[in-house]
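Read through the structure below, which is laid out as structure tokens, and then see the notes.
Protein chains in written order, with full-length UniProt numbering: chain A, 1 to 439; chain B, 1 to 439.
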């Protein structure tokens, strides 16, 4: 039981895109939010190293030292919008220690330091909420933590990086190369100047860690994720996938079985009829398979000032309702009490089983295909579909596309190494995992 | 503040498909639910007029008089699974008056009596939760009430009746007539012996009322919904829609604008590229457009024992967490405090503006089309697309398909009456609304 608050005062630290979006959403919807929260919600203090010309703060006090906000006795809820994991972590720790509730959109911080930060929040009797950390405005954290609480979650698969999905959508629609589309995404503001976090799957890996933690009731396990980016994908591979009835998406996949837990981010062929295959541009979507409910999907804007602010403000409204009533809702941060979190065992990537898409460059003469299929067969891998293209004028080599049946990654790698060693095969073999995503 | 409970005791009234599914889900996931709820959750009493051979109750006491469960001092949460609005209402009222929390999947009860029941619950300091009342296992109630609380909701559109969507999917895929597919749906158990509630849009209307109430912060307004069923749709209309790039879905649509609120359930042409257009079979999906987040979509199983039980158990886990902590979460039943609910003003159907699909049977001779377009033009209605079919062998009449631009329904009806009066036009004109569903 805490004191019942007549008005809930918000401090916002960081006034960039999302911080500014949150500030203006709270201002614009003051009346609506008061009706929903049952109390008035006001921004009392902003901490920002510089002004944001697109977000005038009016007569709200602004401190250049963001830690002033954590020290302000009038602030009840601190909204961390500065990003990164160093100063942001210090700020969140300072706020929690000062007895303030914290709302953040910082996926890296939650994935890397969530275990410690949730414990610190509990120790000080305050809340740390993070709906905006995954999939922007889509309320997927609440869905996993509360809406699907009656289910054992078998697996989830998500398009959880809008930049990557924009790039893949453009490559497919216009047959353009990765580098060219990346430059356009940077010009449009969808990709950072240093795009590593997005295109190498690091951002998606952080989000996947958070989703998996909620879905399976395990601690944040950032070291357990395998992440492969989209930089090596070619418009040709996207086109061949399409000929075979698939789309290529950059997925985060978390699975739980008797073998253990798989956490992986990688380009993936998925059947074109799946809803996830039709999520395009900067949109995000997460497909969750629960044992009672079956498959459910959550779709929407995964980034951007207003969509992310929507999720931040949802957390603020929840907190304001609770603070007005004088008690935090007893929903555990990760959906189970800390002492009930399981110690996960993870499946090594070489033991992960999926079908595979392979593209090889072969000499156009009899017997080559039989060598390839027999090397696959030696590892117990059979073939689901195969396309052999006619050679171009004056060409003696042809692209061959293979979709295998489900194969252990270690076995697939052995077979691929053997095939690459054949004198009739040129260069390396392009490899992309396949997921059927059926329930 | 209420007493903190060491164990939360559930009473289930009604042991049909969903009641039985809830019973077995609670039994099968006892350990998982205890970890999520932070307390043990046990079925202590079942009320059922007869046994369900598919759901053995073991040593759980079963009363033939369901009101015994409402009177049982050991029951903390009563789960109403009997359906209908007469006995179910008496039971829920009795339970609330006895200080029990209630969980229900009963959309008709909430839509028709929710205003009174929520007030009664508040008066007795107990909770009435209803996640399972709309869209089965999809946590859409929580998404609207909490996850999107930072948004003004402009509109929502949903496929919220699985039976109807199954019938339309079969009609489209196999070119079969409504009556034939309905019989199959009945044989498969997807449709009731009396299918009126599903195929005439009454079930969808109940669900739409609940969604609109949460989205717009208005009381349940069951008398304000316009409902048109799917019984007059033909495979021909579904086929012509497809030629024009559309799919036909039975949608519930709620819109809020300066003109007022629209609540309507009707067959609708939607562009085939929309995710909603690709929701097939018995699946449900709800598309919600918020001003900050933009469009978000929620997809999953809208009916069935286990998916509905998933939503019922989500409510039970929420309640168990709260009861173990000794205080209900202060989330208002309709997303705003009762005194903050707005008095809605509704748009009359004749003032609703949408594009229209029209199919007419016309004489195949020059001048007919110009008469039709000029009668539409007199009402200010222009044409977006038109298909005129070649006449069959020996036929002198041809089907003409028109998609209009956005038109006021009253004006469209005036034009249609004038067109039907033309001597060159045979019979009545088939009319279906069109929604673009763009953000």
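Quick reminder that beta carbons are idealized off the backbone N, C-alpha and C, glycines included.
Inset, instruction - Go to residue 86 of chain A, then tell me how far its beta strand (DSSP E) extends in each direction, as first and last residue. - result: Here residue 86 of chain A corresponds to residue number 86 of the first chain, with the count starting at 1. Per DSSP, residue 86 of chain A belongs to no beta strand (DSSP E) and is neither H nor E.
Inset, instruction - Run the CB neighbour count on residue 56 of chain B, radius 10 Å, all protein chains shown included, and call it buried at 16 or more, exposed below. - result: For the purposes of this step, residue 56 of chain B is identified with residue 56 of the second chain, where counting begins at 1. By the 10 Å Cβ count, residue 56 of chain B comes out exposed.
Inset, instruction - Output the residue ranges of the beta strand (DSSP E) runs that lie fully inside the region 247 to 288 of chain A and measure 3 residues or longer, sorted by chain position. - result: 260 to 271
Legend entry - Beta-carbon neighbours of residue 142 of chain A, restricted to chain B and to distances below 7 Å: The count along the first chain starts at 1 and reaches residue 142 of chain A at position 142. Simply 142, 146 and 147.
Inset, instruction - Please list, in chain order, all residues of the same chain as residue 347 of chain B whose beta carbon is under 7 Å from its beta carbon, the five residues on each side excluded. - result: Along the second chain, read from residue 1 onward, the residue named residue 347 of chain B stands at position 347. Contacts found: 259, 260, 261 and 262.
Inset, instruction - Under 8 Å by Cβ, that's how I've got residue 301 of chain B and residue 293 of chain A pegged, so tell me the actual separation to the nearest angstrom. - result: On the second chain, residue 301 of chain B is found 301 positions in, with the first residue counted as 1. On the first chain, residue 293 of chain A is found 293 positions in, with the first residue counted as 1. Right, the Cβ-Cβ distance comes to about 6 Å (below 8 Å), so this counts as a contact.
Legend entry - Backbone secondary structure at residue 379 of chain B - three-state DSSP: Here residue 379 of chain B corresponds to residue number 379 of the second chain, with the count starting at 1. Residue 379 of chain B falls in the coil class under three-state DSSP.
Legend entry - Straight-line Cα distance separating residue 437 of chain B from residue 62 of chain A: Locating residue 62 of chain A in the first chain gives position 62, counting from the first residue. Locating residue 437 of chain B in the second chain gives position 437, counting from the first residue. Answer to the nearest angstrom: the Cα atoms are 41 Å apart.
Legend entry - Chain-ordered chain B contacts of residue 129 of chain A [CB-CB under 9 Å]: As a first step, residue 129 of chain A is located in the first chain; it is residue number 129 there, counting from the start. By Cβ distance, chain B contributes nothing, its closest Cβ being about 11 Å from residue 129 of chain A, past 9 Å.
Legend entry - Residues within the region 28 to 53 of chain B neighbouring chain A, beta-carbon criterion of under 9 Å: Here the close residues are 28, 29, 32, 33, 34, 35, 36, 37 and 38.
Inset, instruction - Take residue 350 of chain A and list the residues in its own chain whose beta-carbon comes closer than 8 Å to its own, dropping the five residues that flank it on each side. - result: Here residue 350 of chain A corresponds to residue number 350 of the first chain, with the count starting at 1. The residues are 408, 409, 410 and 413.
Inset, instruction - Could you tell me the boundaries of the beta strand (DSSP E) in which residue 154 of chain A lies? - result: Taking the first residue of the first chain as 1, we reach residue 154 of chain A at position 154. Counting along the chain, the beta strand (DSSP E) containing residue 154 of chain A begins and ends at 153 to 159.
Inset, instruction - State the CB to CB distance for the pair residue 425 of chain A and residue 358 of chain A, rounded to an integer number of angstroms; the pair is presumed to be in contact (CB under 8 Å). - result: Numbered from its first residue, the first chain carries residue 425 of chain A at position 425. Numbered from its first residue, the first chain carries residue 358 of chain A at position 358. Not quite, the Cβ-Cβ distance comes to about 11 Å (not below 8 Å), so this is no contact.
Inset, instruction - Look at the alpha carbon of residue 1 of chain A and the alpha carbon of residue 4 of chain B, and state the distance between them as a whole number of angstroms. - result: Taking the first chain and counting its residues from 1, the one referred to as residue 1 of chain A is at position 1. Taking the second chain and counting its residues from 1, the one referred to as residue 4 of chain B is at position 4. The predicted model places residue 1 of chain A with a pLDDT of 46, which falls under 50 and marks its position as unreliable; any figure quoted below should be read in that light. Each residue's alpha carbon lies about 13 Å from the other.
Legend entry - Cβ contact check for the region 204 to 211 of chain A and the region 127 to 141 of chain A: 3 or more pairs under 8 Å: Here the region 204 to 211 of chain A makes contact with the region 127 to 141 of chain A; the two share three or more CB pairs at distances below 8 Å.
Legend entry - Chain-order list of residues whose beta-carbon lies under 8 Å from that of residue 242 of chain B (same chain, five-residue window excluded): To locate residue 242 of chain B, count along the second chain from 1; it is residue 242. Correct list, in chain order: 172 and 272.
Inset, instruction - Within its chain, find whatever has a CB closer than 7 Å to the CB of residue 130 of chain A; leave out the 5 residues flanking it on each side and keep chain order. - result: One-based indexing of the first chain puts residue 130 of chain A at position 130. So the qualifying residues of the chain are 104, 110 and 141.
Legend entry - Straight-line gap, residue 213 of chain A to residue 314 of chain B (C-alpha atoms, nearest Å): As a working note, residue 213 of chain A is residue 213 in the first chain. As a working note, residue 314 of chain B is residue 314 in the second chain. Answer to the nearest angstrom: the Cα atoms are 18 Å apart.
Legend entry - Straight-line gap, residue 338 of chain A to residue 345 of chain A (C-alpha atoms, nearest Å): In the first chain, residue 338 of chain A corresponds to position 338, counting from 1. In the first chain, residue 345 of chain A corresponds to position 345, counting from 1. In a straight line, the C-alpha of residue 338 of chain A is about 17 Å away from that of residue 345 of chain A.
Inset, instruction - Check whether the region 20 to 40 of chain A touches the region 61 to 78 of chain A, taking contact to mean three or more Cβ pairs, one atom from each stretch, closer than 8 Å. - result: With the cut-off at 8 Å, the region 20 to 40 of chain A and the region 61 to 78 of chain A do not touch.
Legend entry - Identity of the residue in A:35, A:147, A:77 and A:94 nearest residue 331 of chain A by Cα: Indexing the first chain from 1 puts residue 331 of chain A at position 331. Ranking the options by Cα distance to residue 331 of chain A, first place goes to A:147.
Inset, instruction - Starting from the C-beta of residue 290 of chain B, find all residues in its chain whose C-beta is less than 6 Å away, skip the five residues before and the five after it, and write them out in chain order. - result: Within the second chain, residue 290 of chain B is the residue found at index 290, counting from 1. Closer than 6 Å at Cβ, skipping near neighbours: 148, 151 and 153.
Legend entry - Inter-stretch contact (C-beta, 8 Å, three-pair minimum) for the region 8 to 21 of chain B and the region 277 to 284 of chain A: Touching, no.
Legend entry - Beta-carbon gap between residue 191 of chain A and residue 231 of chain A smaller than 8 Å: As a position in the first chain, residue 191 of chain A is number 191, starting the count at 1. As a position in the first chain, residue 231 of chain A is number 231, starting the count at 1. Taking 8 Å as the cut-off, the Cβ atoms of residue 191 of chain A and residue 231 of chain A do not count as close.
Inset, instruction - For residue 142 of chain A, name the three-state secondary structure that DSSP assigns. - result: As a working mapping, residue 142 of chain A is identified with position 142 in the first chain. Helix, per DSSP.
Inset, instruction - In angstroms with no decimal places, state the Cα-to-Cα distance between residue 108 of chain A and residue 221 of chain A. - result: To locate residue 108 of chain A, count along the first chain from 1; it is residue 108. To locate residue 221 of chain A, count along the first chain from 1; it is residue 221. C-alpha separation (whole angstroms): 12 Å.
Inset, instruction - Would you please verify whether the beta carbon of residue 123 of chain B is less than 8 Å from any beta carbon of chain C? - result: Judged by its chain identifiers, the structure shown contains no chain C, and its protein chains are A and B.
Legend entry - Limits of the beta strand (DSSP E) - the one that residue 296 of chain A falls within: Residue mapping note: residue 296 of chain A aligns to position 296 of the first chain, counting from 1. From DSSP, the beta strand (DSSP E) with residue 296 of chain A extends over 294 to 301.
Inset, instruction - Could you check the C-alpha separation between residue 54 of chain A and residue 24 of chain A for me, to the nearest Å? - result: Counting from one through the first chain, the residue named residue 54 of chain A turns up at place 54. Counting from one through the first chain, the residue named residue 24 of chain A turns up at place 24. Their Cα atoms are separated by approximately 10 Å.
Legend entry - CA nearest to the CA of residue 387 of chain B, picked from B:161, B:377, B:368 and B:400: Looking up residue 387 of chain B in the second chain gives position 387. Comparing C-alpha distances from residue 387 of chain B to each of B:161, B:377, B:368 and B:400 shows the shortest one belongs to B:400.
Inset, instruction - Please state if the CB of residue 320 of chain A and the CB of residue 8 of chain A are separated by a distance shorter than 8 Å. - result: Within the first chain, residue 8 of chain A is the residue found at index 8, counting from 1. Within the first chain, residue 320 of chain A is the residue found at index 320, counting from 1. The answer is yes: Cβ separation under 8 Å.
Inset, instruction - Spell out whether any CB of chain A is found under 8 Å from the CB atom of residue 407 of chain B. - result: Here the question's residue 407 of chain B lines up with position 407 in the second chain. Not closer than 8 Å to any Cβ of chain A, the Cβ of residue 407 of chain B fails to qualify, so no.
Legend entry - Buried or exposed (CB count within 10 angstroms, at least 16 for buried), residue 306 of chain A: As a working note, residue 306 of chain A is residue 306 in the first chain. Buried is the call here.
Inset, instruction - Give a yes or no on whether 8 Å exceeds the smallest Cβ distance from residue 9 of chain B to chain A. - result: Here residue 9 of chain B is taken as the residue at index 9 of the second chain, counted from 1. No - not a single Cβ of chain A is within 8 Å of the one on residue 9 of chain B.
Inset, instruction - Going by DSSP, name the residue or residues bridged to residue 361 of chain A. - result: On the first chain, position 361 is the one that residue 361 of chain A refers to. In the DSSP output, where bridge partners are listed per residue, residue 361 of chain A has A:399 and A:426.
Legend entry - Option nearest residue 402 of chain A by Cα separation, candidates A:396, A:421, A:88 and A:370: Here residue 402 of chain A is taken as the residue at index 402 of the first chain, counted from 1. If we check each option's Cα against that of residue 402 of chain A, A:370 comes out closest.
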